[in-house]
Every structure is written in structure tokens, then in C-alpha cells.
Amino acid sequence: MGHLMLAISISLALIWADGRYAIVEYARSTLHAVLSPVQLFVNTPFELADWLDEGTTSRSELLQENALLRDKVMILESQLQRSVALETENIQLRNLLGAVKRSDEKRLVAEVLSVDSDPFSHLVTLNRGRLNGVFKGQPVLDSRGVIGQVVHTSELVCQVLLLTDRVHSIPVRVSRNGVRAIAVGTGKLDEMVLQHVPDTADIIVGDILITSGLGQRFPDGYPVAEVVSIHRDPGKAFADIVLRPIAQLERIKQVLLLWPNIPSELRADEMNNATANEQEGEL
Amino acid sequence: MTIQPATGRWFISFSLIWLFVLAMIPIPDNLALFRPGFIALGVIYWCIALPYRFGIFQALLCGLFIDVQLNYPLGCHGLAMSILAYTCLLINHQFRMFALWQQAGVVFLLLLPYHLILLWLLQLTKGVDIGWDYFIPAVTSAAIWPLIFMILRDGRRRFKVT
């Protein structure tokens, strides 16, 4: 009985202190460091299957894929040329207005481990951890848009809460006119809702919502969700607005971790690599 | 009663690691609701089989690991597991007398308060309402109990865990 009372007191103290004191977060990441080898072990067969799959792809398939990817790179590069011009123009305009300059961002590709967790929450585990500089609250994207944020880190892995989790909210604005709102997860992988939007707000079906940069967690301007339906009931204070996340949350495999306000070395590196390759090519 | 020297204690940890693996293996989302609480079953088994080796604090530790894995506030599963372990220690003499199917029924009854405590804590700390789905694992856990019981018992006998 004494043991039970002690165990209950420890648990209640932990529950109360969780999120209040750094020591609990430290305890959690220590426990996670013990648990993460098991998670990596569970992931191994799936990684092996991927590897075998890659290893047995035929030459013609590879060539085909390669051609497709080349085309895609070509198109993306041509778009990048324009965006570089736009970016410089944007910086100049911002200078003229005296507005704060937008800073560049460092990115890192991470893979989602094939590990399940609670069916009632939308949580994924990534194969990057504190050793890679991952921090709590870090924004995570896929190639289309925001997918969520890092909630816990350990040395080797980190846990990411998806946008659609019941307890996740993200400040957004409508890209068309800048109307601000908060998008909240519903517990379904393809659905979010906008909270506390007045009936008269100028939002229409098909509007794209992007991060507003408020809340200091997600940087400004990344696509989050699309409006799929609006229900305005005169009897209610707020409109019911249903959204669909733009990122493909049900099939995420590779994601990007973002370091806002840390200038990326990517461009400089790429330039160097490109010139180095050219030189090799010449030789 | 003289306390026997501990042997084969590694098998307890080993079995619990495998139960954690079972709890993490990815399965389709619509089946995930039915996944039995493997770790809770392991805790029940070891509390019944070796009450002098495996007790409330070991159960608490298992619970904390589950909290980390599922991103619950640290201590939720810990609390539920401690109470589960305590009830198992209380009834372990009677429990051993039961036939396997009766044991499965008792496991179900043991897991109901376990899930109820978790549901309360979840509503209290995160403010989310999940509903009756939350009790499905209690049913599937009871259904799979005979299998888990036999595997763990065979392991315990083979490796002479005392």
C-alpha cells in the first residue's frame, strides 16, 4: 500500500510538472533515448524492404525515372530563376518600405520511421534527433506544405505532432486577402477547421491558407490548408469552415526540418558543387 | 519464506522489450484501434507470476515508457500501470487458480479501470474527448491473454526465471 501511494504521488507530480519544468522534459528525453533503439529496430525491416525494392528495380525503370526527375529538375530550376529575381525585388521593396528583411532558412531532410503510436493522436517519429540540431517546436514541412511541429526530441529521433491532431493549432492567413484565423486539427487525417471566424469574414471555398508567422513558431508564408466547405448559420456567432491540409499527411515518408532565421549554406554549397562538377566535366 | 536468489531476470526485460515492439509495429489505421495493450498484459503477467520480483515500481517505469512512446503527459500511463500492478498483486493467489478463459475475463475487468483512468487523465490534461472507442483494446487484450500467458509461461519455465 505504501508503495502504491508513493508510485501514485510520483505519477501525479510528474503529470503536474509536465510542461512546467524543464527537468520533466529532460527525464522524458532520457527515457526516449532508451526507447529509441527499439523504435529504430522496429523500423529496420521496413527500411530493408525499401532497400531491396530499390536494389531490384530494373535498369529501364531507373532510366525512365531518371528522365522524369531530370525534367522535373529542369522545370523547378527555371521556376527558381524567377523566384530569385522576385526575391531580390522583394528585398529591395522591403528596404524601400523600411520593413524587416526576411531571413533565409536552413533545411534538413528527414525520414519518417515506420513506427506506430497512439491511434487517437497524430504523431510520427523522424530519424533525426538532437544530434542533428533538432529542437522542440521546430516546424516540419513536406514538399507541398506544413505538416506539423517537433514536440519532443531525443538524441537520435524526434516526435512530430501533425497539423490534424486534436490538440494542434496553427495561426494562418488567407493568401488572397490576408484575413487571419487559427486552424485547428480535428483528429481526422484529411480535415482541419478554422476557429472563431465571424460569419461576415471574406473567406470562400478554394482559398489557400498560409502560415501567418504569428505565434513565432512557424515562419511566414508556407501553405497549410485549402478551404473545402463553409457553412454560415445566422444563429451562430461563427462560421463553420472546414479545411483540407495541403501536405499529404496520410503518406508522408520524407519531410523537411526547418531552422528559421538560420541562413542556409545550401545555395553557396550548390554553387560550389556545380562549379566543381563543371570543372570535373571539363577535365 | 526465504527469498530465492534471482535468476533469469533478463527474461523479464527481454519479454517487455518484445511487447514494446509489438506495440509499435505499424498496422493500418482502422486496425490500430483494436491493437491490444501488449505492455499492460506483460505487466499483469509478471505481477501475477513473480510478485516478489516485479511490482509497482517496475510497472510505473513501463508506464512512463508508454507515455514517452505515445506522447502523453509523463505519468499518465505510469499512474494507471501502478494501480493495475497493485490490483494484480492483491489478487495474484486467486488469479492463479483460474482457468485460462476465466483469467481472460479477469484481465478484461482489470483493464477497464486502467483505461478509465487513462481516459480521465487525457481529458483532464489535454481536454480531448475520445469516447467509447478507448475501451476496445480492453476487449482485444482479454482475447489475446491466453496466448500471451502461454508464451510468457513457457519462457519463464525454460529460462527458470525466479
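Quick note, the sequences are listed as chains A and B, same order. My numbering puts the first residue of the first sequence at 1, with every later residue one more than the last. My numbering puts the first residue of the second sequence at 1001, with every later residue one more than the last. C-beta atoms are modelled at their ideal positions from N, C-alpha and C, and glycine is treated no differently. This one's a predicted model, so the numbers in the text were calculated from it and none came from an experiment.
- A:Val242 places its beta carbon 7 Å or farther from that of A:Val172.
- Ranked by Cα distance from A:Val160, the options A:Leu249, A:Trp51 and A:Glu61 are led by A:Leu249.
- According to the DSSP assignment, A:Arg244 belongs to the beta strand (DSSP E) that extends over Asp240 to Pro245.
- DSSP, reduced to helix, strand and coil, places A:Gly185 within a strand of the structure shown.
- A:Leu80 and B:Leu1019 have their C-alpha atoms spaced approximately 49 Å apart.
- For the options B:Phe1098, B:Leu1112, B:Val1021 and B:Cys1062, the alpha carbon positioned closest to that of B:Phe1149 is the one of B:Phe1098.
- Interface criterion not met: the Cβ of B:Pro1036 is under 7 Å from no Cβ in chain A.
- The segment 143 to 151 of chain A and the segment 51 to 71 of chain A do not touch, with fewer than 3 CB-CB distances between them shorter than 8 Å.
- In this structure B:Phe1011 is not in contact with B:Val1139, their Cβ atoms being roughly 28 Å apart against a cut-off of 8 Å.
- Per DSSP, reduced to three states, the secondary structure at A:Gly148 is strand.
- Three or more Cβ pairs closer than 8 Å define a contact, and the segment 1118 to 1127 of chain B falls short of that threshold against the segment 40 to 53 of chain A.
- Along the segment 105 to 125 of chain A, going in chain order, the ones with a CB nearer than 7 Å to a CB of chain B are Ser114, Val115, Asp116, Ser117, Asp118, Pro119, Phe120, Ser121 and Leu123.
- The beta carbon of A:Asp142 sits closer than 8 Å to the beta carbons of Ala247, Gln248, Ile252, Gln254, Val255 and Leu256 from its chain, once the five residues preceding and following it are set aside; these are given in chain order.
- Listed by position along chain B, the residues whose Cβ is nearer than 9 Å to that of A:Phe218 form an empty set, because the closest Cβ is around 19 Å away.
- Close to chain A, meaning a Cβ-Cβ distance shorter than 9 Å, are the following residues of the segment 1052 to 1075 of chain B: Gly1055, Ile1056, Phe1057, Ala1059, Leu1060, Leu1061, Gly1063, Leu1064, Phe1065, Asp1067, Val1068, Gln1069, Leu1070, Asn1071, Tyr1072, Pro1073, Leu1074 and Gly1075.
- Shown here, A:Lys236 sits in coil according to DSSP, grouped into three states, outside any helix or strand.
- A Cβ-Cβ contact shorter than 7 Å links A:Ala110 with A:Asn127.
- Straight-line spacing of the CA atoms in B:Leu1033 and A:Ile203 works out to 36 Å.
- Taking B:Leu1110 as the centre and dropping the five residues before and after it, the same chain places the C-beta of Ile1044, Leu1084, Thr1087 and Cys1088 closer than 8 Å to its C-beta, in chain order.
- A contact is defined here as three or more CB-CB pairs under 8 Å, and the segment 72 to 87 of chain A fails this definition with respect to the segment 129 to 139 of chain A.
- Looking at the DSSP output, A:Cys158 shares a beta bridge with A:Leu126 and A:Thr153.
- B:Phe1020 belongs to the set of residues whose beta carbon lies under 7 Å from a beta carbon in chain A.
- In the assembly as shown, B:Gly1063 is a buried residue. Its beta-carbon has 16 or more other beta-carbons within 10 Å.
- Contacts with chain A at 7 Å (Cβ-Cβ) include B:Ala1032.
- The Cβ atoms of A:Leu35 and B:Phe1065 sit closer than 7 Å to each other.
- Looking at the DSSP output, A:Arg173 sits in a beta bridge with A:Arg180 and A:Ile210.
- Taking a 10 Å sphere around the C-beta of A:Arg28, we find 16 or more other C-beta atoms and assign the residue as buried.
- Within the same chain, and ignoring the five residues on either side of B:Phe1095 in sequence, the residues whose Cβ sits closer than 7 Å to its Cβ are Ile1048, Gln1103 and Val1106.
- Among the residues facing chain B, A:Ser11 is included, as its CB has a counterpart in that chain under 7 Å away.
- Annotation: Cβ neighbours of A:Ala7 in chain B (cutoff 7 Å, chain order): Ile1056, Phe1057, Leu1060 and Ser1082.
- The three-state reading of DSSP puts A:Lys72 in helix, counting H, G and I together.
- Taking the beta carbon of A:Val167 as reference, the chain B residues within 9 Å of it are Lys1126, Gly1127 and Val1128, listed in sequence order.
- Neighbours of B:Tyr1086 across chain A, judged by C-beta separation under 7 Å: Leu4.
- Nothing from the segment 1096 to 1118 of chain B brings a Cβ to less than 7 Å from some Cβ of chain A.
- Within the model, the alpha-carbon separation for A:Ala7 versus B:Leu1090 is close to 16 Å.
- DSSP places A:His231 inside the beta strand (DSSP E), whose first and last residues are Pro223 to His231.
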